[in-house]
Amino acid sequence: MGKDLIIVESPAKVKTIKKFLGNAYAVEASVGHVRDLPSKKLGVDEKDDFAPQYQIIPGKQKVVSKLKEAAASASTIYLAPDPDREGEAIAWHVAQIVQDAGVPVHRIQFNEITAKAVREALSHPRDINEKLFLSQQARRILDRLVGYKVSPILWQKVKSGISAGRVQSVALRLVVDREKERRAFVPVEYWNFKARLAAGTPPEFEAELAKYQGKKLEIGSAEAALAAEAAITGQPFVVTAVTEKERKKSPPPPFITSTLQQAANQRLGYSAKRTMGAAQKLYEGLELGDSGTVALITYMRTDSTRIADEARDAAREYITEALGPDYYPEKARHFRSKAGAQDAHEAIRPIDVRITPADVKTLLPKDLFSLYKLIWERFVASQMAEARFWDTAVDVTAGPGLFKAKGQRLIFPGYLKVYGQEAGDEAKSLPKLDTGQELTLLELKKEQKFTQPPPRYTEASLVRELEEKGIGRPSTYAAIISTLIDRDYARLEEKHFVPSELGETVSDLLAEHFVKIMDVGFTAGMEEALDAVADGRTDWVHLLRDFTEDFNPTLAKAAKDMAKVKAGKETDVKCELCGKPMVIRFGKAGEFLGCSGYPDCKNTKEFDRAADGAVIPRERKAEEVASVGACPTCGKDLVVKKSRTGSRFIACTGWPDCKYTKPLSTGVPCPKEGCSGTLVEKSSKRGKVFYACDAYPQCDFAVWDWPMNEPCPQCDSKILVRKKTRDGELITCPSKSCRYKRAVGGKKDEGEGEE
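The opening position of the sequence shown corresponds to residue 1 in full-length UniProt numbering, with each subsequent residue numbered one higher.
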């Protein structure tokens, strides 16, 4: 008989596991899922208890053949995909593929990829958790039923090629509803008062008006503000209360999936997708110099804050040795997971707390290092002592006004030490003050303000909202957010989600005709029902029957009653050429205004939305009006236009009769050896402009900044780029290993590499 065979998900894990198991086992990778529902048909037999018609995923035939071949010569097969619902499904499908080998097949799982964890898993194999697999299967069929049946209605009513998703559509509704709240918001005027005061000793300090005439501050007009100013001015500012006390601040729990995504977005600017991609690499293992391939963190898809006892003990040893015993709490910290959390996995933490960020800084790419540092610091902090502050609160009375000031001093950093804070930091000092003491008014400032509409969602706040409302699960947040962008249902503006016209239209139509599917509570309830399937409390077929009993009649009614907006969504804008109303249309390059008199009138315009949602036609820019040549197809003028994602392109003014377009050329030849292409302007779906070879996909050369046909004087790069930086606009080398740069306008021989 041959070696025992371990089958994991990714090739990266193969390398990590082989490092400490040596040649004792054969290790192969399924490279994710190997079977799925067919892509070109429903693939679900609703009459036969929703029997799925699985098939090998296109492009996976070679992987499947390799797994079968390895299984045929194995004595025992251990299935070791990720320890979650999707991993269990992968294990089930792989088991179906290798069952003809006729050897024992077991399921193993580990929360971290270490020699100890893997050997422990091998010594405690189990059967595949069929209930967990059936939960994943039910979710997959639910998503297929919704996507495959609702999407064709949207093709007929809105735009060809778009799609609906069971969970993503609810997330879209959150984004759209927030935008509508902003449009409906009516700002309310209010005024703030701040007094700059001095006591007998420094420092000066600022106190804010908290109450006026014995009531909570509500000054809503310039007249009322002037009256309040007059009533306070000239009055003595007297200290009426001084309160001093020590305040303790406990550390936050270690990361779970959602909080990691939020923190990485807020502190590092990472998207949820980028965060999970980087975390996956840290989990699977990376080359760390002489140490070889090392896995750095535990499994990153979890909603539990639980920590293994040995990890807590390791943290205690590290904290007491590296920082001192005062930095460890009297009792070890335990954090309670939220209600309904799946406690199968620990929180996200470093596998070995003694591998500090400093140890790996030069060994990891910057994005992986930054994420590891974030995870390491959060875990260590979570096990440390409280931070202690000395707080001072002061009440100052001036006539009818009550002003308040607060002082704060860090007296013991506790867990903040791991973030580099020391005693005395975060100080907001007040002078020594006594009750009854009269203060000197240096300045009384009043400021008009207006209440602000609810903010648009960022990736961090949308993940938090999805988690709080029970929509999706840790493994799905990144995919939900990516789908909104990829489907052009929303875009990111200054890191905030703004629904597109298409996204808002789709959301409104779905909310009107598919009330249950678009209901946040129903979607959260469905997640709970799927969890019940995993726990064995609910039958998956029964769940699907209950769903389709309502869904199928709703589907038929929507196909009949849903308004058709494919020809255009009406607006109040009049066409300046013929006077007819202009409508919002959804083209390949995004939404635009088109005359409802088409084809008799072919007037089109781009547009913006005002704060209240009104449609405002966009005036054509001079560069879009000026001709840059004649169209080779019809002879009409060519002009420069801008795509909805930000890149410029050349288009015929005879559109839509003539659809000739071409990318805007930089005129710089592609520098890749043997390529005869030219660099042109392009943009990603997320709106990031870049410059790529027009011979793509044969040539994949690209740079982020405007290219210049000038060789680098310090390396063999054939081009330089013009780059905007904090220090102004610079000409730099695009090669990461070369540090050549010079100021725009600087002489070519003045470039110097950075030390």
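We put the CB at the ideal spot given by N, CA and C, even for glycine. Predicted, not measured: the structure shown is a model, and the values here were computed from it.
Would you list the one or two residues that DSSP bridges to residue i?
{"i": "residue 354", "result": "DSSP, once it has assigned bridges, lists no residue as partnering residue 354."}
{"i": "residue 192", "result": "447"}
{"i": "residue 52", "result": "44"}
{"i": "residue 691", "result": "681 and 703"}
{"i": "residue 496", "result": "493"}
{"i": "residue 587", "result": "590"}
{"i": "residue 205", "result": "197"}
{"i": "residue 246", "result": "390"}
{"i": "residue 360", "result": "Paired residue(s): none; residue 360 is not in a bridge."}
{"i": "residue 470", "result": "For residue 470, which the question treats as bridged, DSSP gives no partner whatsoever."}
{"i": "residue 708", "result": "720"}
Rounded to whole angstroms, what is the Cα-Cα separation between residue i and residue j?
{"i": "residue 318", "j": "residue 413", "result": "17 Å"}
{"i": "residue 613", "j": "residue 328", "result": "54 Å"}
{"i": "residue 361", "j": "residue 743", "result": "30 Å"}
{"i": "residue 400", "j": "residue 436", "result": "16 Å"}
{"i": "residue 181", "j": "residue 503", "result": "16 Å"}
{"i": "residue 718", "j": "residue 682", "result": "21 Å"}
{"i": "residue 439", "j": "residue 450", "result": "31 Å"}
{"i": "residue 728", "j": "residue 714", "result": "22 Å"}
{"i": "residue 532", "j": "residue 176", "result": "31 Å"}
{"i": "residue 542", "j": "residue 174", "result": "29 Å"}
{"i": "residue 733", "j": "residue 145", "result": "51 Å"}
{"i": "residue 649", "j": "residue 704", "result": "17 Å"}
{"i": "residue 63", "j": "residue 571", "result": "53 Å"}
{"i": "residue 157", "j": "residue 688", "result": "31 Å"}
{"i": "residue 68", "j": "residue 161", "result": "37 Å"}
{"i": "residue 124", "j": "residue 108", "result": "7 Å"}
{"i": "residue 660", "j": "residue 673", "result": "31 Å"}
{"i": "residue 345", "j": "residue 70", "result": "30 Å"}
Please classify residue i as buried or exposed, where buried requires at least 16 neighbouring CB atoms within 10 angstroms.
{"i": "residue 137", "result": "buried"}
{"i": "residue 122", "result": "buried"}
{"i": "residue 213", "result": "exposed"}
{"i": "residue 203", "result": "exposed"}
{"i": "residue 712", "result": "buried"}
{"i": "residue 505", "result": "buried"}
{"i": "residue 698", "result": "exposed"}
{"i": "residue 184", "result": "exposed"}
{"i": "residue 201", "result": "exposed"}
{"i": "residue 58", "result": "exposed"}
{"i": "residue 284", "result": "buried"}
{"i": "residue 251", "result": "buried"}
{"i": "residue 530", "result": "buried"}
{"i": "residue 537", "result": "exposed"}
By Cβ distance below 6 Å, which residues in the same chain neighbour residue i in space, the five residues on each side in sequence not counted?
{"i": "residue 54", "result": "35"}
{"i": "residue 759", "result": "A query on residue 759 cannot be resolved here, the shown segment of the chain reaching from 1 to 755 and no further."}
{"i": "residue 757", "result": "Beyond the ends of the chain as shown, which are 1 and 755, falls residue 757; an answer cannot be given."}
{"i": "residue 43", "result": "37 and 53"}
{"i": "residue 258", "result": "463 and 467"}
{"i": "residue 501", "result": "584 and 591"}
{"i": "residue 335", "result": "253 and 305"}
{"i": "residue 198", "result": "204, 440 and 442"}
{"i": "residue 559", "result": "153"}
{"i": "residue 248", "result": "386 and 388"}
Helix, strand or coil: how does DSSP classify residue i here?
{"i": "residue 345", "result": "coil"}
{"i": "residue 542", "result": "helix"}
{"i": "residue 604", "result": "strand"}
{"i": "residue 320", "result": "helix"}
{"i": "residue 220", "result": "coil"}
{"i": "residue 36", "result": "strand"}
{"i": "residue 90", "result": "helix"}
{"i": "residue 185", "result": "coil"}
{"i": "residue 113", "result": "coil"}
{"i": "residue 527", "result": "helix"}
{"i": "residue 95", "result": "helix"}
{"i": "residue 649", "result": "strand"}
Return the chain-ordered list of same chain residues with a C-beta closer than 7 Å to the C-beta of residue i, the five sequence neighbours on each side being excluded.
{"i": "residue 402", "result": "210, 211 and 395"}
{"i": "residue 23", "result": "none"}
{"i": "residue 433", "result": "199, 239, 242 and 394"}
Measuring only from the beta carbon, is residue i closer than 7 Å to any heavy atom that is part of the ligand MG?
{"i": "residue 528", "result": "For the ligand MG, the structure offers nothing, since it holds no ligand at all."}
Given residue i, which residues of its chain have a CB within under 8 Å of its CB, disregarding the five upstream and five downstream residues?
{"i": "residue 417", "result": "323, 327 and 384"}
{"i": "residue 484", "result": "168, 171, 172, 175, 490, 497 and 503"}
I'd like to know whether the C-beta of residue i is nearer than 8 Å to at least one C-beta of chain C.
{"i": "residue 593", "result": "In the structure shown, chain C cannot be found, because there is only a single protein chain."}
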